[in-house]
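Chemist:
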C-alpha cells in the first residue's frame, strides 16, 4: 500500500496503482505530483521522474527544495528535453538519464526500466513512485493512438513493479474524446481546480 495521507487526505492506494493528475494551467498539478513523490522519499521509497517539459537539472533543483541530501536518496530522472535542445552535456549518470526527445518513446521506456530495475531488483526497494510530467507534452509531439500505446506499456511496467504511477495532464489542452480515451488507462483521477481553496479530489475506478 502507498500512504498518501500527508498530501491527499485519506488516500491509501494499492501497489501497482496508476493515477492521472488533471486540471487547468496553474492549478498546482506539478507541485502536487512532486509533493507525492517527495512524501514517498521520506518513507524511504524510490522516486523516478520522466520529464518531457523541464530539464532534468530543473527537476533535481525542485526536488532539493523538498528533500535534503538527495544525492544519497533513491531518485532517478529521465530527461527528454536536454538532448533535443542541444544544450550542455547530456551523459547518463546515477540519478540522471537522457532520452533524445519526447518522441523517443522507446528510449524513454528503456531508461525508466533501468531505474526500476536498479531500485526494485538491485536495491531491493519494494515501493517506487513514478511521475510522468507531462502527458500533454507527449500529445504535442505524437498522435493520440501512439501516446495511448506508449502509456499502456508504461502503466503496465509500473503495475508489474508494484509501483505508484502519477501522470500529469492539462485538462484544458485536449478535447473530451482525448481525455476519455486516456482516462481508461488509469485506476483513478486526481482533479485540481483553479480555486486554491478547493482541495484536490481523488476519484478511483470502481
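Numbering (UniProt numbering), first residue to last: 1 to 206. Virtual Cβ for every residue (Gly too), placed ideally from N, Cα, C. Computed from a predicted model, the values in this text were never measured in an experiment.
1. Please classify residue 201: does DSSP put it in a helix, a strand, or coil?
2. Taking the runs of the alpha helix (DSSP H) that are 4 residues or longer, which of them lie wholly in the segment 136 to 183?
3. Buried or exposed, going by whether 16 or more other CB atoms sit within 10 Å of the CB of residue 133?
4. In whole angstroms, what separates the C-alpha of residue 102 from that of residue 39?
5. Anyone know if the C-beta pair for residue 73 and residue 34 falls short of 8 Å?
6. Can the beta-carbon of residue 144 be found closer than 8 Å to that of residue 181?
7. Anyone know if the C-beta pair for residue 109 and residue 154 falls short of 8 Å?
8. Can you tell me which of the three DSSP states residue 90 falls into?
Modeler: Straight from the coordinates:
1. strand
2. Listed in chain order, the complete alpha helix (DSSP H) runs (minimum 4 residues) inside the segment 136 to 183 are 144 to 160, 176 to 183.
3. buried
4. 27 Å
5. no
6. Yes, the pair counts as a contact, with Cβ atoms nearer than the cut-off.
7. Yes, the Cβ-Cβ distance between residue 109 and residue 154 is below 8 Å.
8. Residue state for residue 90 is assigned as coil, using DSSP reduced to three classes.
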